[in-house]
Amino acid sequence: MSEPSIPRYTRGRRPHFFEDPATDQLLGIVLAVTQELSVLRDRVDAIHALLDRKGVVTREDLENFVPDPAASAAERAAYLQRVFRVIRNEAGVVPSAEAEQHAATVEKQLSTTEG
Amino acid sequence: MATQQLRHELALSRTFDEAARQDFVSALRGFILHDMAADMRAVYERDVKPQAAAAGREPKNGSEVHAAIREHDYFRFYSALRVNAQEMVWDSVRDQVQRQRGQVNDEVRRRAQKARGSVTLQPGFEVPKSVGSLDVHLMPGGYVAEAGQDDATQGAFYDNGAAVFFMGLLGEDQGDIGRSIARFVHRRFPDFRPARILDLGCTIGHNTVPWAQEYPEAEVYAIDVAAPALRYGSARAEALGAPVHFRQMDATKLDYPDESFDVVWSSMFLHEVPLKSIRRLLKEAHRVLKKGGLMLHMELPPNRSLSPYDGFYLDWDSWYNAEPFYKTFRDQDPRALCTEAGFAPDKVEEFVVPSLNFYGEDAVHAAAEHREAVVDGDTGRLASGISWYAFGAWK
Ligand SMILES: C[S@@+](CC[C@H](N)C(=O)[O-])C[C@H]1O[C@@H](n2cnc3c(N)ncnc32)[C@H](O)[C@@H]1O
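Order-wise, the sequence lines are chains A and B. Everything in the first sequence is counted per this note's numbering, starting at 4 for the first residue and increasing by one. Everything in the second sequence is counted per this note's numbering, starting at 14 for the first residue and increasing by one.
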């Protein structure tokens, strides 16, 4: 059966922001890969959860698996922080929770070695 | 932040991968609009503004902020990511909708036959260029693309895309804007009992249905120029148990008699309309309102009530999200627009309404009792605290 297709691309010129538009395109590719990796991570997490629960995984169970929304949202947010670390770092204005914790740990270690 | 799983009877199934892709896009948007937005503001305050000021050009409005920041790397990354994320919104639902479009159209047809509401289309209707020639917010095909006489696919595409775009902030039926504001009006004006309500530029009726639910006695009408959206919206309203009469009509040329409505409402509509047409449709709204009726438009807050930076931040869509009329609209004075359309200056209203979904009922009721409307940098933004801005006037 040949259904008509929803158009895949948007009409109009695609805006670009970097001096070389290829940089914008590369960023699009990186994002698509990041998205696919996120999908794969979700799959692996689902497989683990099903294994813990039942010891076996069927394709059907996997397809119907619904992750805990709060936990997976938090997991995804942390994943994005790791992926975009360099950009936020560049801004240099928002010390991440991770960085703060790291600083605190280092400080503690220093104080114990010195003390 | 995750994609809203739709719960009405036209909701489509999602494969595991489709759901995971959509959730990723919602999370990515959350990251951009929250974390990156905070960084970009800080970069502006720390670097961009002082540099511009030192050169004697401290930005005085949104366009000047844009000019000062656009070469900055942080702006480039923010913007490039945001454009990509916007494209990914649609891409993440496209296959899901395409695969089930036959089903959607069957369901829409089936529901039309036993509807309590209605949908009336105009053969040969002329869609305004501002809608037909544009893929607003980068949605492939825009509002009006259709394959044949009773195709509702673009309506489903919009519904499912909005579920990703709004990151679960608007509730299961994505009606938070209409629901919060209708509740607010009901609470603040308990003696006002609208019998006929009209929604302009309703698309698929996300924010029409809540008015029908808040005022179950009222007859509710909704117009748009986009046929696929009206078809889908009508079936969707039936599925949600709200009888609404959808009609294909241009808001600048309403086919309703003078003084025939108690409420003329719109949400997120005016910013997609050219200024000349906004002026015309406000006059039309005035004409069809009964004396004592209320015109009310939910919109992004106007630039005049925002700092130059906040104005720039909201105007981003106008430059990069295929929203060419957005900035011109936001540069207007809402009060002046109302009075030019025939409303008395002392009858103009501006409301800032807390999101019902986000803050709960008590906050909305408290706001309804409290008088001042306070617009700040977060109003209308999909940030951590959400409130909706609306303006209008009594006739
Ligand atoms: C962003 S959508 C509105 C969303 C909807 N009101 C909601 O709250 O979910 C803008 C809509 O305005 C419609 N539109 C644009 N110009 C119009 C006009 N002159 N008359 C009626 N509808 C119009 C478009 O077809 C589109 O569906």
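Glycine included, every Cβ here is placed at the ideal spot set by N, Cα and C. Fair warning: this is a prediction, and the values are worked out from it, not measured in the lab.
For chain A, check one thing: does any of its Cβ atoms lie closer than 7 Å to the Cβ of B:Gln162?
Numbered from its first residue, the second sequence carries residue 162 of chain B at position 149. Answer no: the Cβ-Cβ gap between B:Gln162 and chain A never drops below 7 Å.
At what residue ranges does the stretch 54 to 130 of chain B contain a whole run of the alpha helix (DSSP H), taking only runs of 4 or more?
62 to 67, 75 to 82, 86 to 112 and 114 to 126
What do you reckon, are the CB atoms on B:Tyr234 and B:Ile217 nearer than 7 Å?
For the purposes of this step, residue 234 of chain B is taken as the residue at position 221 of the second sequence. For the purposes of this step, residue 217 of chain B is taken as the residue at position 204 of the second sequence. No, the Cβ-Cβ distance between B:Tyr234 and B:Ile217 is not below 7 Å.
Counting pairs of Cβ atoms below 8 Å between the stretch 317 to 333 of chain B and the stretch 257 to 270 of chain B, do you hit three or more?
no
What does a CB cutoff of less than 8 Å around A:Pro24 pick up in its chain, not counting 5 residues either side in sequence?
Here the question's residue 24 of chain A lines up with position 21 in the first sequence. Cβ neighbours of A:Pro24 beyond the five flanking positions: none.
So which residues of chain B does A:Pro18 contact, with C-beta pairs closer than 7 Å?
Numbered from its first residue, the first sequence carries residue 18 of chain A at position 15. The answer, in chain order, is Val96 and Tyr333.
Return yes when the C-beta of B:Val286 is under 6 Å from any heavy atom of ligand 1, and no when it is not.
If you number the second sequence from 1, residue 286 of chain B lands on position 273. Yes - ligand 1 has a heavy atom lying nearer than 6 Å to the Cβ of B:Val286.
Determine the chain A residues that contact B:Thr16 at a beta-carbon separation under 9 Å, and present them in chain order.
The residue labelled residue 16 of chain B in the question sits at position 3 within the second sequence. Going along chain A, no residue has its Cβ under 9 Å from B:Thr16, so there is no contact; the nearest lies around 10 Å.
Within 6 Å: the Cβ of B:Met281 and any heavy atom of ligand 1?
On the second sequence, residue 281 of chain B is found 268 positions in, with the first residue counted as 1. B:Met281: yes, Cβ under 6 Å from ligand 1.
Taking the alpha carbon of B:Glu297 as the point to measure from, which residue in B:Lys360, B:Ala65 and B:Ser273 has its own alpha carbon closest?
Position 284 of the second sequence, counted from the first residue, corresponds to residue 297 of chain B. When each option's Cα is compared against that of B:Glu297, the closest is B:Ser273.
Checking the sheet assignment: what are the DSSP bridge partners for B:Arg260?
The sequence position of residue 260 of chain B within the second sequence is 247, counting from 1. Bridge partners of B:Arg260: B:Thr133 and B:Ile236.
Within a Cβ cutoff of 6 Å, which residues of the same chain sit near B:Ser339, ignoring the five residues on either side of it in sequence?
Residue 339 of chain B sits at position 326 when you count from the first residue of the second sequence. In the sequence under discussion, the amino acid at residue 339 of chain B is Tyr, which differs from the Ser named in the question. The answer, listed in chain order, is His284, Asp330 and Ser331.
Less than 6 Å between the CB of B:Asp172 and some heavy atom of ligand 1, yes or no?
The sequence position of residue 172 of chain B within the second sequence is 159, counting from 1. No - ligand 1 has no heavy atom lying nearer than 6 Å to the Cβ of B:Asp172.
Leaving out five residues on either side along the sequence, give the residues of the same chain with a beta carbon under 7 Å from the beta carbon of A:Thr116.
On the first sequence, position 113 is the one that residue 116 of chain A refers to. Reliability fails at A:Thr116, whose pLDDT of 46 lies under 50, so the model's placement of it is uncertain and the value that follows must be treated cautiously. None.
DSSP three-state label for B:Leu23, please.
The count along the second sequence starts at 1 and reaches residue 23 of chain B at position 10. B:Leu23: coil per DSSP, three-state reduction.
Given the structure, does B:Thr16 come close to ligand 1, in the sense that its CB is under 6 Å from one of the ligand's heavy atoms?
For the purposes of this step, residue 16 of chain B is taken as the residue at position 3 of the second sequence. No, Cβ of B:Thr16 sits at least 6 Å from all heavy atoms of ligand 1.
Could you round the C-beta distance between B:Glu362 and B:Gly405 to whole angstroms and report it? I think they count as a contact, below 8 Å.
Position 349 of the second sequence, counting from 1, holds the residue named residue 362 of chain B. Position 392 of the second sequence, counting from 1, holds the residue named residue 405 of chain B. Cβ atoms of B:Glu362 and B:Gly405 come within 8 Å of each other, at about 6 Å.
Going along the chain, which residues of its own chain have a beta-carbon closer than 8 Å to the beta-carbon of B:Asp271, five neighbours each way excluded?
As a first step, residue 271 of chain B is located in the second sequence; it is residue number 258 there, counting from the start. Closer than 8 Å at Cβ, skipping near neighbours: Arg300 and Val301.
For A:Gly118, is the classification buried or exposed, using 16 other Cβ atoms within 10 angstroms of its Cβ as the cut-off for buried?
The residue labelled residue 118 of chain A in the question sits at position 115 within the first sequence. Only weak support is given to the placement of A:Gly118: the predicted model assigns it a pLDDT of 36, under 50, and the question is left unresolved by the model.
If we define contact as Cβ-Cβ less than 7 Å, is B:Asp30 a contact residue for chain A?
Translated into positions along the second sequence, residue 30 of chain B becomes position 17. For B:Asp30, the answer is yes, since a Cβ of chain A falls inside 7 Å of its Cβ.
What's the gap between the Cα of A:Met4 and the Cα of B:Asp164?
The residue given as residue 4 of chain A occupies position 1 in the first sequence. The residue given as residue 164 of chain B occupies position 151 in the second sequence. Model confidence at A:Met4 stands at a pLDDT of 48, short of 50, so the residue's coordinates are unreliable; what they give is reported in the following sentence. The straight-line gap from Cα to Cα measures roughly 16 Å.
Taking CB distances under 7 Å as the criterion, tell me whether B:Gln111 reaches chain A.
Taking the first residue of the second sequence as 1, we reach residue 111 of chain B at position 98. For B:Gln111, the answer is yes, since a Cβ of chain A falls inside 7 Å of its Cβ.
Could you tell me which chain D residues have their CB closer than 7 Å to the CB of A:Pro7, listed as they occur along the chain?
The structure shown contains no chain D; the protein chains it does contain are A and B.
Using a 10 Å radius around the Cβ and a threshold of 16 neighbouring Cβ atoms, would you call B:Phe138 buried or exposed?
What you label residue 138 of chain B is simply residue 125 of the second sequence in a count that begins at 1. With fewer than 16 other Cβ atoms within 10 Å, it is exposed.
Suppose you measure from the CA of B:Tyr11 to the CA of B:Gly161; what does that come to, to the nearest Å?
Look at the range of chain B in this structure, 14 to 408, and you will see that residue 11 of chain B is not part of it.
Output needed in chain order: residues of the stretch 198 to 212 of chain B with a Cβ under 7 Å from some Cβ in chain A.
none
Below 7 Å between beta carbons: does that hold for B:Val177 and B:Ser39?
Within the second sequence, numbered from 1, the residue matching residue 177 of chain B stands at position 164. Within the second sequence, numbered from 1, the residue matching residue 39 of chain B stands at position 26. The answer is yes: Cβ separation under 7 Å.
Since B:Ala252 and B:Leu23 are thought to touch, with beta carbons under 8 Å apart, how far apart are those beta carbons, to the nearest angstrom?
Along the second sequence, read from residue 1 onward, the residue named residue 252 of chain B stands at position 239. Along the second sequence, read from residue 1 onward, the residue named residue 23 of chain B stands at position 10. B:Ala252 to B:Leu23, Cβ: 5 Å. Contact.
To which residues of the same chain is B:Asp268 closer than 7 Å at the C-beta, ignoring the five residues directly before and after it?
Residue mapping note: residue 268 of chain B aligns to position 255 of the second sequence, counting from 1. These residues qualify, in order along the chain: Met262.
Name the one or two DSSP bridge partners that B:Trp224 has.
Numbered from 1 along the second sequence, position 211 holds the residue referred to as residue 224 of chain B. The partner list for B:Trp224 (beta bridge, DSSP) is empty, contrary to what the question assumes.
Taking the CB atoms as reference points, tell me whether B:Ala231 and B:Pro256 lie closer together than 7 Å.
Residue numbering aside, residue 231 of chain B sits at position 218 when the second sequence is read from its first letter. Residue numbering aside, residue 256 of chain B sits at position 243 when the second sequence is read from its first letter. With respect to B:Pro256, B:Ala231 sits apart: the two C-beta atoms are not nearer than 7 Å.
If you run the structure through DSSP and keep just helix, strand and coil, what is B:Ala310?
Numbered from its first residue, the second sequence carries residue 310 of chain B at position 297. The sequence given here places His at residue 310 of chain B; Ala does not occur at that position. Looking at B:His310 - three-state DSSP - the assignment turns out to be strand.
Quick one: complete alpha helix (DSSP H) runs, 4+ long, within the stretch 293 to 379 of chain B?
Segments of the alpha helix (DSSP H) lying fully in the stretch 293 to 379 of chain B: 321 to 333, 339 to 343, 347 to 353 and 369 to 372.
Between B:Leu25 and chain A, is there a C-beta pair that is closer than 7 Å?
To locate residue 25 of chain B, count along the second sequence from 1; it is residue 12. B:Leu25 does not count as touching chain A.
Any heavy atom of ligand 1 closer than 6 Å to the beta-carbon of B:Asp237?
Counting from 1 along the second sequence, the entry for residue 237 of chain B is found at position 224. Yes, Cβ of B:Asp237 sits closer than 6 Å to a heavy atom of ligand 1.
For chain A, check one thing: does any of its Cβ atoms lie closer than 7 Å to the Cβ of B:Asp237?
The residue labelled residue 237 of chain B in the question sits at position 224 within the second sequence. Chain A, which has no Cβ nearer than 7 Å to the Cβ of B:Asp237, makes this no.
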